[in-house]
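*Asks:*
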Ligand SMILES: Cc1cc2nc3c(=O)[nH]c(=O)nc-3n(C[C@H](O)[C@H](O)[C@H](O)COP(=O)(O)OP(=O)(O)OC[C@H]3O[C@@H](n4cnc5c(N)ncnc54)[C@H](O)[C@@H]3O)c2cc1C
Ligand SMILES: Cc1cc2nc3c(=O)[nH]c(=O)nc-3n(C[C@H](O)[C@H](O)[C@H](O)COP(=O)(O)O)c2cc1C
């Protein structure tokens, strides 16, 4: 896999919940947690997705059906060939020192799950918190049964009934973390950024924008205030920001 | 280091490196960032009278020797583009080139009139995009009479704002085409747009990868073609040339200057070398100028013509 488009066989599909599936592809690439790939359904379209794990030569993306493309993807079966380009973008780079706090909201759980596993495989510890509206939105639910991650839901259908930023505030108040790494809705991210600032720790936040070329040319995913390209300088931005 | 500041149609570009149209030229913030990364001027994405949606993905494909794109001239229309110009002025003092396209001679005039109200430093006329055949027929840039008529219409509408015509290689003679533009009132020539269109197939599905099937070729693969085009344009006209096509190094920029370019445009180089390609090429170009007996960019412009 590289910047050029090529189709790869879909090895396996796992359904987590209705409309929420993981897709596994054979891969020959080094991918870092936080990076994304462009997934092409020939004849349909091509869209960005975070990598949710790479293990044993298998690349995993985890997708929620929200519109025409993602619904079409849900119909794909093992053996079909889909296009992949990538990996793209700046990955998570937690600072050395105290373990990081990893926070995933909604579909933002996907890259944080990869980061959590990646650190674990290197013998590094981290605290992992996931938050969703309701239990049915949660990716990898089965993995958290053993207490791997703390779970909060808006409606209390699973784990603690808490809003994600409240829980993060509590954790930051009670323990020292090296970096706050997070992905999720942008309103949540801006709250988390302020929380990290108030504690004096750096934050590594993954943002989503509409993306087209994924190679830093089309300008579609540039941030309004500083012109940074989320497909190149992001999707994970470290605060304070680069030029 | 050598002074690289260059005047084109009365507009000073320092360094003489311009962001090419269609690359990061959709928002004021992204163009301002390109200036912070070393560009001496920016060109906006081409705009039309009304907003246009582009082609579906995949629409930009890197490959071994360059890039294939069929973005489909998506743009917010001339009204949206005018707002971007106003916003850019609050962020940066670098010159801004507005790029326009249209489906008829009259419409080119109308878009030019509207964009002129937003006071860009230069209006670039895109008569050469290979991606919109089905709707607009063959590109105007292949036809001497059509290009002449468009140039006159835009000049009439642009008032005091200088007009650059952006040419394609896909015409009987790009040198003669440049001369036609000069005779019709053009103030500068931009050469060249993407080449093609070209195609890339996926072996598994046996279908084109671009959603549009075909797309314009840019990047390293077209550098020798663009260089030859600039050389010919210089032979046929005295107009300043914005040389664009496959440039990503100071060596390539220097070759363009020798062939007759006043300033150099960079598009795909933003991908191959990163967005700081502008400051890197500026440094390399400066080193080259310093290493020549002339030690002056102006004296080196067109030196390949002896
Ligand atoms: C860096 C990045 C990582 C992502 N990671 C994941 C992931 O791990 N799992 C997951 O389920 N989704 C992820 N997404 C979102 C995913 O790309 C969209 O859900 C998908 O493109 C929707 O397409 P659609 O046709 O099904 O829905 P649409 O009806 O087109 O859109 C539904 C929603 O998705 C957004 N969207 C549409 N197209 C794009 C696009 N090209 N880029 C970004 N957002 C878009 C829309 O704004 C809208 O909010 C990621 C997006 C980005 C930018
Ligand atoms: C993604 C992309 C979009 C482009 N869009 C436009 C456009 O809107 N108008 C235009 O005149 N040229 C457009 N071009 C052509 C470039 O401005 C330039 O002429 C061409 O790519 C050759 O230069 P390069 O090799 O440095 O990219 C586009 C090129 C690319 C790669």
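Protein chains in written order, with this note's numbering: chain A, 25 to 267; chain B, 387 to 692. Ideal Cβ positions, reconstructed from N, Cα and C, are used throughout, including at glycine.
(1) Between which two residues does the beta strand (DSSP E) containing residue 236(A) stretch?
(2) Does the distance from the C-beta atom of residue 422(B) to that of residue 252(A) stay below 9 angstroms?
(3) Along the chain, which unbroken stretches of the beta strand (DSSP E) at least 3 residues long are found entirely within the segment 610-640 of chain B?
(4) For ligand 2, I want to know if residue 487(B) counts as a neighbour, meaning its beta carbon is within less than 8 angstroms of at least one of the ligand's heavy atoms.
(5) To the nearest angstrom, report how far apart residue 388(B) and residue 678(B) are at their CA atoms.
(6) Taking the continuous alpha helix (DSSP H) assigned at residue 140(A), which residues delimit it?
(7) Answer yes if the segment 425-438 of chain B comes into contact with the segment 458-473 of chain B, meaning at least three C-beta pairs across the two stretches below 8 angstroms, and no otherwise.
(8) Hey, which residues come within less than 5 angstroms of ligand 1, measuring from Cβ to any heavy atom, in chain order?
(9) For the segment 412-424 of chain B, enumerate the residues whose C-beta is nearer than 9 angstroms to any C-beta of chain A, in chain order.
(10) What residues in the segment 241-255 of chain A bring their beta carbon closer than 8 angstroms to a beta carbon of chain B?
(11) In the DSSP assignment, the beta strand (DSSP E) including residue 471(B) goes from what residue to what residue?
(12) Rounded to whole angstroms, what is the Cα-Cα separation between residue 473(B) and residue 485(B)?
(13) For residue 27(A), decide whether its Cβ has a neighbour in chain B, counting only Cβ atoms nearer than 9 angstroms.
(14) Does DSSP put residue 520(B) in a helix, in a strand, or in coil?
(15) Provide the residue span of the alpha helix (DSSP H) that contains residue 70(A), from first to last.
(16) Kindly examine ligand 2 and report whether one of its heavy atoms sits closer than 8 angstroms to the Cβ of residue 648(B).
(17) Report the rounded CA-to-CA distance for residue 591(B) versus residue 657(B), giving the unit in angstroms.
(18) Can residue 510(B) be considered in contact with ligand 2, in the sense that its beta carbon sits closer than 8 angstroms to one or more heavy atoms?
(19) Is residue 443(B) a contact residue of ligand 2, with contact defined as CB to any heavy atom under 8 angstroms?
(20) Looking at the C-beta of residue 52(A), does it have a partner C-beta in chain B at a distance below 9 angstroms?
(21) Assuming residue 392(B) contacts residue 648(B) (C-beta within less than 8 angstroms), just tell me the rounded distance between them.
(22) Quick one: is residue 641(B) buried, meaning 16 or more other Cβ sit within 10 Å of its Cβ, or exposed?
(23) Determine, using beta-carbon pairs with one atom in the segment 608-615 of chain B and one in the segment 577-593 of chain B, whether at least three such pairs fall under 8 angstroms.
*Replies:* Quick answer:
(1) Run containing residue 236(A): none; DSSP gives neither H nor E here.
(2) Taking 9 angstroms as the cut-off, the beta carbon of residue 422(B) is found no closer than this to the beta carbon of residue 252(A).
(3) Qualifying beta strand (DSSP E) stretches, in chain order: 627-630.
(4) Placement of the Cβ of residue 487(B) at a distance of less than 8 angstroms from at least one heavy atom of ligand 2 is found.
(5) Each residue's Cα considered, the two are about 10 angstroms apart.
(6) Element bounds for residue 140(A): 133-145.
(7) Yes, the segment 458-473 of chain B is in contact with the segment 425-438 of chain B.
(8) Listed by chain position, these are 60(A), 71(A), 72(A), 73(A), 74(A), 87(A), 88(A), 90(A), 91(A), 92(A), 93(A), 94(A), 131(A), 134(A), 232(A), 234(A), 235(A), 259(A).
(9) Answer set for the segment 412-424 of chain B: 412, 413, 414, 415, 416, 417, 418, 419, 420, 422, 423.
(10) Within the segment 241-255 of chain A, the qualifying residues are 241, 242, 243, 244, 246, 247, 248, 249, 250, 251, 252, 253.
(11) Counted as a single uninterrupted DSSP element, the stretch harbouring residue 471(B) is not any beta strand (DSSP E) but the alpha helix (DSSP H) occupying residues 463-477.
(12) Answer to the nearest angstrom: the Cα atoms are 16 angstroms apart.
(13) Yes, residue 27(A) counts as interfacial toward chain B.
(14) Its pLDDT being 38, under 50, residue 520(B) is placed unreliably by the model, and the measurement read from it follows with that caveat. It is helical.
(15) First-last for residue 70(A): 69-79, but that is the beta strand (DSSP E), not the alpha helix (DSSP H).
(16) Not under cutoff, so the answer is no.
(17) So the two alpha carbons sit approximately 27 angstroms from each other.
(18) The answer is yes for residue 510(B).
(19) No - ligand 2 has no heavy atom lying nearer than 8 angstroms to the Cβ of residue 443(B).
(20) No - not a single Cβ of chain B is within 9 angstroms of the one on residue 52(A).
(21) The pair is a contact, with the Cβ atoms about 6 angstroms apart (cut-off 8 angstroms).
(22) With 16 or more Cβ atoms within 10 Å of its Cβ, residue 641(B) is classed as buried.
(23) Segments in contact, yes.
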